[in-house]
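Peer 1: Please find one structure pasted underneath; my questions will follow.
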Amino acid sequence: MDWDALWLTLRLGVVTVAILIPLAMIVGRWLALTHIRGKGLLEATLALPLVLPPTVVGFYLLVAFGSGSWFGQTYQKLFGHALVFTFEGLVVASVIVNIPFAVQPVQRAFESIPPDLRDAAATCGMSWWRMIRKIELPLAWPGILTGLVLTFAHTLGEFGVVLMVGGSIPGETKTVAIAIYDRVQAFDDVGAGRMALLLLAISLVTIALSYIFTQRLGRRYA
Amino acid sequence: MLRRVFLSAVVLALTALPVRAQQDVPVIVAASDLQFAVAEIAENFTKQTRRDLKLTFGSSGNFARQIQQGAPFQMYLSADEQFVFNLAGKGLTLDRGTLYAIGRIVIMVPHGSPLKADGTLADLKAGLADGRVTKFSIANPEHAPYGARAVEALRHAGLWDALKSRLVLGENVSQAAQFATSGGAQGGIIAYSLVLSPAVSKLGNYALIDDRWHEPLRQQMVLLKNAGETARLFYAYMQSPPARAIMRKYGFVLPGESS
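Following this line, the structure appears as structure tokens:
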């Protein structure tokens, strides 16, 4: 069992969630309420990673962040190392490919809050922050949790983008999904099988937990 | 509840951030024909020097591309000298490196395959004619040196045109070996060094292919610009008698020796 890879993968999942979920809450709520022109196009852009092959995303990231690009060179000057083939690079890639998994459930959750509720809160003299905390967040919570779980689970399993911008460096960019691929190539089917089973178990538990949570919350606020 | 979850997530994330290796553990990338040989050499090296290495195996061409993209590798063991010379020409390496081994290719057929392990490729030719061969595995010749040499050998034997449409391409020679032995293909042309490991040899039979049928697999290694002390020590260790003995055990012809 490659514990390094497992620890790295879990860390990547947590960091991705920690960065992406607050952003998704801001963007998702704004998208739920706004009526600007071009909203459809914006939503389509944010949903792109759902349908784009991971190799396309990986290729663009490689071109954009590689040492040949303006961004890559600036980053290298600032931090002394390239962004691709590092954990930070994986985090950036992971945040980008997970945008739809985080934003969409959050947006749906905020959309489903009846506008009357907000009006009533305002009429009662609730401050904006209080209204968010006492009314909107409790109602949107199942959607936020769904976004969180989907992002986390999807990060654990992401393969194509990690393969392209990661470089399979132990302890740095070698996630469990990549480690399984490596083990198969090293003719170590036992090792690959063990890790595959573990990933299966973690994914199942994560998704199951989210269903249980949302059902409970759904009942409470029904 | 919500706040607690996010707080703990942020705390976890922050403790997780300082991941850059503090001590000198170099990332060393090696052609996948070295999967078993260099893993064994590295193990001995770590035992003797108590210095750890991070080894990654893959296709030589991919590594060359990643090095150009700024990958933080310290040492590169290619299956083909040309990749090393190209990187050296771009000023990405310390020097032009050292020849550490010459590789050989074999035809491998899994147990129960209708093909015979015949180094002259005569049975492969017959198998193509009578339809016994539907899938045959080699490494991707575009970026894997062992794949390119396999194509040359197949051309030499006059089988390329007939076999072309039945090829399955591994991302590197190790994956090609995986394909060749997993039963999905009737055989493949892979690295001699791989079939000499117990994990692979038990999966089928093999025969060496005449090395005059293809350009030599001159395997060159090189230190990259950011190589630290451990990488330099390992570079020297690769050329020491104990390391050479292991390379010989895995069927490599060593520089200065004849097969």
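Taken in order, these protein sequences are the chains called H and E.
Going by our numbering, the letters in the first sequence line up with residues 1 to 222, in that order.
Going by our numbering, the letters in the second sequence line up with residues 1001 to 1259, in that order.
The beta carbon of each residue, even a glycine, is placed where N, CA and C say it ideally should be.
1. Kindly indicate the opening and closing residues of the beta strand (DSSP E) around V1106 (chain E).
2. Along the region 50-65 of chain H, what residues have a CB closer than 7 Å to any CB found in chain E?
3. Using DSSP with H/G/I as helix, E/B as strand and the rest coil, what is N1205 (chain E)?
4. Tell me, please, whether the CB atom of T1120 (chain E) is closer than 8 Å to any CB atom in chain H?
5. How would you call V205 (chain H), buried or exposed, if buried means at least 16 neighbouring beta carbons within 10 angstroms?
6. Between A140 (chain H) and L50 (chain H), what straight-line distance do the alpha-carbon atoms span, to the nearest angstrom?
7. Could you run through the region 169-186 of chain H and flag, in chain order, every residue whose CB is less than 8 Å away from some CB of chain E?
8. What number of angstroms, rounded off, separates the C-alpha of A18 (chain H) from the C-alpha of V1253 (chain E)?
9. Rounded to whole angstroms, what is the Cα-Cα separation between V1038 (chain E) and M1247 (chain E)?
10. Mind the definition here: the region 1172-1190 of chain E touches the region 1142-1162 of chain E only if three or more C-beta pairs lie below 8 Å; say whether that holds.
11. Less than 6 Å between C-beta atoms, sequence neighbours within five positions excluded: which residues of the same chain meet that for P1018 (chain E)?
12. By DSSP, does A1021 (chain E) sit in helix, in strand, or in coil?
13. Considering just the uninterrupted stretch of the alpha helix (DSSP H) at L150 (chain H), what are its terminal residues?
14. Is T1046 (chain E) helix, strand or coil when you go by DSSP?
15. Note down, in chain order, every chain H residue with its Cβ under 9 Å from the Cβ of T1056 (chain E).
16. Give the single residue among H:I96, H:P53, H:F87 whose Cα lies nearest to the Cα of P230 (chain H).
17. What do you reckon, are the CB atoms on I212 (chain H) and M195 (chain H) nearer than 8 Å?
18. Does H35 (chain H) have its Cβ less than 8 Å from a Cβ in chain E?
19. Under 8 Å between C-beta atoms, does A5 (chain H) make it to chain E?
20. Return the chain-ordered ranges of every beta strand (DSSP E) run that is complete within the region 1196-1247 of chain E and spans a minimum of 3 residues.
21. What distance in whole Å lies between the Cβ atoms of G167 (chain H) and F85 (chain H), which are believed to be in contact at a cut-off of 8 Å?
22. Indicate whether at least one CB of chain E lies closer than 8 Å to the CB of T45 (chain H).
23. Ignore the nearest five residues each way along the sequence and tell me which others in N1172 (chain E)'s own chain have a CB closer than 6 Å to its CB.
24. Taking the beta carbon of R1104 (chain E) as the centre, do at least 16 other beta carbons fall within 10 Å, making it buried, or is it exposed?
25. For chain H, check one thing: does any of its Cβ atoms lie closer than 8 Å to the Cβ of G1127 (chain E)?
26. Report the residues of the region 1182-1201 of chain E with a CB closer than 9 Å to any CB of chain H, ordered along the chain.
27. How about T146 (chain H): is its C-beta nearer than 8 Å to some C-beta of chain E?
Peer 2: This is what the structure gives:
1. 1105-1110
2. L62
3. strand
4. no
5. exposed
6. 22 Å
7. I169, P170, G171, E172, K174, D182, V184, Q185, A186
8. 52 Å
9. 8 Å
10. yes
11. Any answer about P1018 (chain E) is weak, because its pLDDT of 46 lies below 50 and its placement is not dependable; what the coordinates show is given next. Closer than 6 Å at Cβ, skipping near neighbours: no residue.
12. Confidence is the limiting factor: at A1021 (chain E) the pLDDT is only 45, short of 50, which leaves the residue's position unreliable, though a coordinate-based value still follows. Of the three classes helix, strand and coil, the one that applies to A1021 (chain E) here is coil, per DSSP.
13. 137-157
14. helix
15. G167, S168, I169, P170, K174, D182
16. The question about residue 230 (chain H) has no answer here: the residues shown for chain H are numbered 1 through 222.
17. no
18. no
19. no
20. 1204-1208, 1217-1223
21. 4 Å
22. no
23. S1032, G1058, S1059, A1139, A1144
24. buried
25. no
26. L1194, S1197, A1199, V1200
27. no
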